[in-house]
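Visitor: Below is a structure I'd like to ask you about.
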Amino acid sequence: MKLFLIGFLFLFSTFASAYTQFIGHSYTSCLNCHFNPSGGGPLNDYGRVVSATLISSGAFYPKTWNEEKVAYTSGFLFRKPKQDWLRTQINYRGFQVVQNPGSSKNEQKRWINMQADARVILKFGENDKFIAVGQYGYAPLPQNLEGEQTEWRSREHYVGYRPSPKVGIYAGLMDKVFGIKVIEHIAFSRIAPEVTQNDQTHGVMGHYLGEKWEMFAHGFVGNLAQDEDLRMKGGSVMVERTAFDIHRIGASVMSSKNNYQDLLSYSGHTRLNLKEGSAILAEIGQTNRKTQNGSDDRTMRYGLLQTYLRPVRGTYFLANIEYFKKDIKESDYTVRWGPGIQYFPIQRLELRLDAYNTRNFAPTSSTKDSWMYLLQTHIWL
Amino acid sequence: MMKALLIFIMLMNVAIANDVTDAWAKKDFVRVTEIYRDQPARAYTKKELVYISYSLRKRGFYRQDIKLNVRLIKQNYANQHKRLVTDIKNAETIDGDDYPDALKVLYWNLMNDYGQILESYKDASTLIKKDHQHYLMFSKILSELEFREGKVDKYNDKIVAHITYLENKVYKFSRSLSFQYMSWQNESTLSGLGSKTGLVVTNRGLCAGGEMGYENAFYHFYMDGCVFAGSGGVSSDSSSAITYRQSNVPAYGAKFGPGASMIVSSSGSRLGVKLPIIYTMQKLQEPQNSAYSIKEDSPVSFVGSLYSRWQFKRWYVQTEFGLYIQKEQTFWGLGLGKTF
Chain L
2 MKLFLIGFLF LFSTFASAYT QFIGHSYTSC LNCHFNPSGG GPLNDYGRVV SATLISSGAF
62 YPKTWNEEKV AYTSGFLFRK PKQDWLRTQI NYRGFQVVQN PGSSKNEQKR WINMQADARV
122 ILKFGENDKF IAVGQYGYAP LPQNLEGEQT EWRSREHYVG YRPSPKVGIY AGLMDKVFGI
182 KVIEHIAFSR IAPEVTQNDQ THGVMGHYLG EKWEMFAHGF VGNLAQDEDL RMKGGSVMVE
242 RTAFDIHRIG ASVMSSKNNY QDLLSYSGHT RLNLKEGSAI LAEIGQTNRK TQNGSDDRTM
302 RYGLLQTYLR PVRGTYFLAN IEYFKKDIKE SDYTVRWGPG IQYFPIQRLE LRLDAYNTRN
362 FAPTSSTKDS WMYLLQTHIW L
Chain V
29 MMKALLIFIM LMNVAIANDV TDAWAKKDFV RVTEIYRDQP ARAYTKKELV YISYSLRKRG
89 FYRQDIKLNV RLIKQNYANQ HKRLVTDIKN AETIDGDDYP DALKVLYWNL MNDYGQILES
149 YKDASTLIKK DHQHYLMFSK ILSELEFREG KVDKYNDKIV AHITYLENKV YKFSRSLSFQ
209 YMSWQNESTL SGLGSKTGLV VTNRGLCAGG EMGYENAFYH FYMDGCVFAG SGGVSSDSSS
269 AITYRQSNVP AYGAKFGPGA SMIVSSSGSR LGVKLPIIYT MQKLQEPQNS AYSIKEDSPV
329 SFVGSLYSRW QFKRWYVQTE FGLYIQKEQT FWGLGLGKTF
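Spelled out as C-alpha cells, the structure:
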C-alpha cells in the first residue's frame, strides 16, 4: 500500500513558488493565476489556462488544435472540470545536482526528489469568495535529519474569504509574505530572512488589491508541526505599487523570533516588465539576527537580480545574479552568477538547467570559483 | 467582291472574339493573357475583359490587371467613380447602394492587386510608398462603400503587418556608451625549491566603453570594447605548504571583440553572444625569498560570453557572463548604457 502511495504521489507536484517573472507577460499580481494572492501553491483555472497557452510552447500540439482547444485541456487530467466547487492538482519536482562538474576529485552528482504533492481546493461563491486549500506530500529532509522526522507532511493548508475582489483574509499554514517569492529556494534573498520553500507558518494573512497598490499583512505563530521552541513567531508586511502601468516596486518588513533567535528583515524590490515575457526582478535587503547567547549576532545583506528573456514561446533564458554578505561588519562577500534556461515544451512539463558560478571576495584569501549545475524536471497534472 | 471581304472580316472578328471565350472555357489562363498581351487595344467585350482580368490575377500579373480594371472603370463607371471620389474628399455621407456591385468588385480587384504587389516586396523599397498609397485609397473606398468590410479589415491588418515587417528588416547604424562593473580571475604559478603552487587573483573593476554596429528589429551585430581599471587580491592554494598573499593589486586592461544578439521583445531586450579578447596588465610582487619566482599567465585571454540587454527607451541594463577559452576562469559584468 505504501509503495502504491509513493508511486502515486511520485507523479504529483506543485509549484514550490510563483513564477514572479511572468510580470513580463503583464501579470502584476499573483492573484491572477494562484489561489494564494502572495503566489505559489495551486493554480486557479485561469492560471492553468495561461500555463497551457501563453507559457508553454505550442510546437508539440497537434496542428489542428487552436488556443481554445489547448485551454480546454488545461484542467486536471486534461479535462474541463464538471463542477465549480472542487479542484485537484498533482505535481512533481525533482532535479539532478552536479557539484564541481568536471573535477576528477570533487565532482558530486545526485538526484533529489524535491516535491511530490497532491492538492485539493474547495471553492464556493461568486469569484471563489470562499476557498479551502490543502496540500500534502513528500518533502526531503536535510541529510542530518534523515530518519529522525517524516518526509511526508502538509506543506500548506488554509482557508480564505474574499468579501470583495479587493480584500481577502486567509488563515492557516502558508508561506510567509516577504520580498519577491522567487522559485530558487537556495537564493540568498530567501535563505537570509528564512522564507524558503519549507518555512511555512500558521497564521492569518490580510490582502488588499487596489488599482495601483497591493498590500499584505501576515501575523504568524510558527509551524505548529514543529517543536514549540523552534516556531518562529511574528509578523510581516509587504507593499507593492504599480509603476508606469506595467512595473511593480515594493518593500517588505518582517520580524520573527523563537527561543533561540530574533530576526528582523527588511527589503526593497522591483519587478519590471520588458514585454513579450522579458522581465527583470531585483531585490535588496538585510536581515538582522540576534541569537539567545549572542554567539552569532550579525546583520546579513543580500541582493538579487534575476533576468529573463523569451526568444520564443515556451523558452526563457535567465540569469540569477546574487550578492551576499553574511556580516555587514566584515569585508568578505559572495557573488553567485547563474545563467540558465527554462523550457516548457508542453503544458504540465517544465525542464530547466541552471548553472551556478560562485565567487568569494575576501581581503585575505583568493580562491577558485565553485560551480554547480541543476537539471530540473517539473510535472504537474 | 466588297461584300465578300466584309463577310470575311466579320467572320474573322467573331473568330478572334471567340478565342478569349474559348480559352476561358478551357481554363487556359495562359492563352487568355497571351491574347491580351498581343492585342491590348482590341475592342474586347465587357465579359471578355472580366475573363482577362481574372486570368491576369491568376497568373500574378497584378500591374497589368490594375491597368485593365482602371480601363473598365473609365469605360463603364467614369461618372460614378468621379462622384464617389469627390464625396469621399468632401467627407460626404456615402450610401453604398447608390453604386453598382460591378464597380465595387473592380475596386476590390484593385485593392487586392495592390495588396499582392505589396506582399511581393521582400525588402523595404521607395517603390512601396506609392503602391501603399494606392492600396490605402482603394481600401478606403471599399470601407466607405461598406463592401466586404470584414475581409477588407482582415487584409488591411495583413498588409500593415507585412509593411511593418519590411520596415523592421532594415538595418540601421547603432552606437552606445556604457560602463560595467566586472570581475574576472587570473592564474599564476609560484615555484621554487622544487615545489610549485597555483595563485588565484580575483579582480574587480569598472570598464567604460561602448559599441558600434548595425541592428534591425530582429538582430544586432556590433563591435564592442571598453577599457578597465580595477584591483584584485591573490593568495596561494590553501592546501599548499607555500604561503603567498597580496591584496589590492592594481589591474588595467581592455576588453574588445565582436558580438551578435537576437532582439526578443518590442522593448528592445536582447540575448546574444560575444567573443571578446581581454588584455590585462597586472604585476604581482615577486616573493622576498629569491628562491621563489612567479610565472604569470598570458595577459591575453579569449572569452566566449553570453550577453543580455534590457532596454528602457535609450537607457539599458546589460549583463555578461563569459568563460575563458582553454582556461578555467570566468568573467562577468553588470552595467548600464545609453544608445545614441
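Protein sequences, first through last, are from chains L and V. Residue 2 is where the first sequence starts when you use our numbering, and the numbers rise one by one after that. Residue 29 is where the second sequence starts when you use our numbering, and the numbers rise one by one after that. Glycine is no exception: its CB is placed at the ideal position from the N, C-alpha and C atoms.
Per DSSP, residue 175(L) forms a beta bridge with which residues?
Guide: Partner(s): 202(L).
Visitor: Skipping 5 residues on each side, what residues in its chain have a beta carbon closer than 8 Å to that of residue 68(V)?
Guide: Within the same chain, residue 68(V) has no close Cβ partners at all.
Visitor: Can you give me the C-alpha to C-alpha distance between residue 265(V) and residue 296(L), rounded to a whole angstrom?
Guide: Each residue's Cα considered, the two are about 30 Å apart.
Visitor: Kindly list the residues whose CB is nearer than 7 Å to the CB of residue 121(L), restricted to its own chain and excluding five residues on each side of it in sequence; keep chain order.
Guide: So the list reads 89, 135, once near-sequence residues are dropped.
Visitor: Compute the Euclidean distance between the alpha carbons of residue 371(L) and residue 145(V), then round it to the nearest angstrom.
Guide: Distance between the alpha carbons of residue 371(L) and residue 145(V) is about 59 Å.
Visitor: Locate the beta strand (DSSP E) running through residue 265(L), then write down its first and last residues.
Guide: Taken as a continuous stretch (DSSP letters only), the beta strand (DSSP E) holding residue 265(L) covers 262-274.
Visitor: Using 10 angstroms around the beta-carbon of residue 116(L), count the other beta-carbons present and answer buried if the total reaches 16, otherwise exposed.
Guide: By the 10 Å Cβ count, residue 116(L) comes out buried.
Visitor: Step through the CB atoms of chain V and report whether any lies within less than 8 Å of the CB of residue 336(L).
Guide: It does: the Cβ of residue 336(L) has a partner Cβ on chain V nearer than 8 Å.
Visitor: If we cut at 8 Å on Cβ distances, does residue 332(V) have a partner in chain L?
Guide: It does not: the Cβ of residue 332(V) has no partner Cβ on chain L nearer than 8 Å.
Visitor: Closer than 8 Å, CB to CB, is residue 263(V) near chain L or not?
Guide: At least one chain L Cβ lies under 8 Å of residue 263(V).
Visitor: Taking beta-carbon pairs under 9 Å, can you tell me which members of the stretch 209-230 of chain V lie near chain L?
Guide: Here the close residues are 211, 213, 215, 226, 227, 228, 229, 230.
Visitor: For the beta strand (DSSP E) containing residue 403(L), list its first residue and its last residue.
Guide: The displayed coordinates of chain L run from 2 to 382. Any statement about residue 403(L) would go beyond what the structure contains.
Visitor: Please identify the residue among 177(V), 347(V), 251(V) whose C-alpha is closest to the C-alpha of residue 359(V).
Guide: It is 347(V) whose Cα lies nearest to the Cα of residue 359(V).
Visitor: Going along chain V in order, which residues have a C-beta closer than 8 Å to the C-beta of residue 358(L)?
Guide: Correct list: 349, 358, 360.
Visitor: Report the residue from 267(V), 134(V), 100(V) whose alpha carbon sits nearest the alpha carbon of residue 225(V).
Guide: When each option's Cα is compared against that of residue 225(V), the closest is 267(V).
Visitor: In chain order, what are the residue ranges of uninterrupted beta strand (DSSP E) at least 3 long that sit wholly in the stretch 256-315 of chain V?
Guide: Taking only runs of at least 3 residues, the beta strand (DSSP E) segments lying wholly in the stretch 256-315 of chain V are 273-291, 298-302, 305-309.
Visitor: Under a three-way DSSP split, which group does residue 349(L) fall into?
Guide: Coil.
Visitor: If you check the beta carbons only, do residue 308(L) and residue 319(L) fall under 8 Å apart?
Guide: In contact: residue 308(L) and residue 319(L) (Cβ atoms closer than 8 Å).
Visitor: If you reduce the DSSP assignment to three classes, tell me which class residue 107(V) lands in.
Guide: Helix.
Visitor: Are the C-beta atoms of residue 24(L) and some chain V residue less than 8 Å apart?
Guide: Chain V, which has no Cβ nearer than 8 Å to the Cβ of residue 24(L), makes this no.
Visitor: Less than 8 Å between C-beta atoms, sequence neighbours within five positions excluded: which residues of the same chain meet that for residue 305(V)?
Guide: So the list reads 283, 284, 285, 328, 329, 330, 331, once near-sequence residues are dropped.
Visitor: Taking all protein chains shown into account, do 16 or more other C-beta atoms lie within 10 angstroms of the C-beta of residue 257(L), making it buried, or fewer, making it exposed?
Guide: By the 10 Å Cβ count, residue 257(L) comes out buried.
Visitor: Is the Cβ of residue 64(L) closer than 8 Å to any Cβ of chain V?
Guide: False, the Cβ-Cβ gap to chain V never drops below 8 Å.
Visitor: For residue 1(L) and chain V, any beta-carbon pair shorter than 8 Å?
Guide: Coverage of chain L is limited to positions 2 through 382, which leaves residue 1(L) absent and any answer about it impossible.
Visitor: Just to check my reading of the structure: residue 209(L) and residue 167(L) have Cβ atoms closer than 8 Å, yes? What is that Cβ distance to the nearest angstrom?
Guide: Contact flag correct, Cβ pair sits at about 6 Å.
Visitor: Kindly indicate which three-state DSSP category residue 186(L) falls into: helix, strand or coil?
Guide: Here residue 186(L) sits in coil by DSSP.
Visitor: Residues in the same chain with beta-carbon distance under 7 Å from residue 324(L), minus the five sequence neighbours each way, listed in chain order, please.
Guide: So the qualifying residues of the chain are 303, 304, 334, 336.
Visitor: Using a beta-carbon distance below 8 Å, is residue 218(L) in contact with chain V?
Guide: So, not an interface residue.
Visitor: Report all residues from its chain with a CB closer than 7 Å to the CB of residue 295(V); omit the five preceding and five following residues, and keep chain order.
Guide: The residues are 339.
Visitor: Between the C-alpha atoms of residue 365(L) and residue 331(L), what's the straight-line distance to the nearest angstrom?
Guide: Looking at the two C-alpha atoms, the distance is approximately 12 Å.
Visitor: So with CB distances below 9 Å, who are the chain C contacts of residue 272(L)?
Guide: In the structure shown, chain C cannot be found, because the protein chains are L and V.
Visitor: Output the distance between the C-alpha atoms of residue 76(V) and residue 53(L), rounded to the nearest integer angstrom.
Guide: Each residue's Cα considered, the two are about 54 Å apart.
Visitor: Relative to the C-alpha of residue 91(L), which residue among 138(L), 283(L), 255(L), 101(L) is closest?
Guide: Considering only alpha carbons, the answer is 138(L).
Visitor: Give the interface partners of residue 259(V) over in chain L, defined as CB-CB distance under 8 Å, in chain order.
Guide: Correct list: empty, because the minimum Cβ distance to chain L is about 11 Å.
Visitor: Please return the same chain residues whose Cβ sits closer than 6 Å to the Cβ of residue 273(V), not counting the five positions on each side in sequence.
Guide: Contacts found: 263.
Visitor: Since residue 248(V) and residue 203(V) should fall inside the 8 Å C-beta cutoff, what is the C-beta to C-beta distance between them, to a whole number of angstroms?
Guide: Not quite, the Cβ-Cβ distance comes to about 11 Å (not below 8 Å), so this is no contact.
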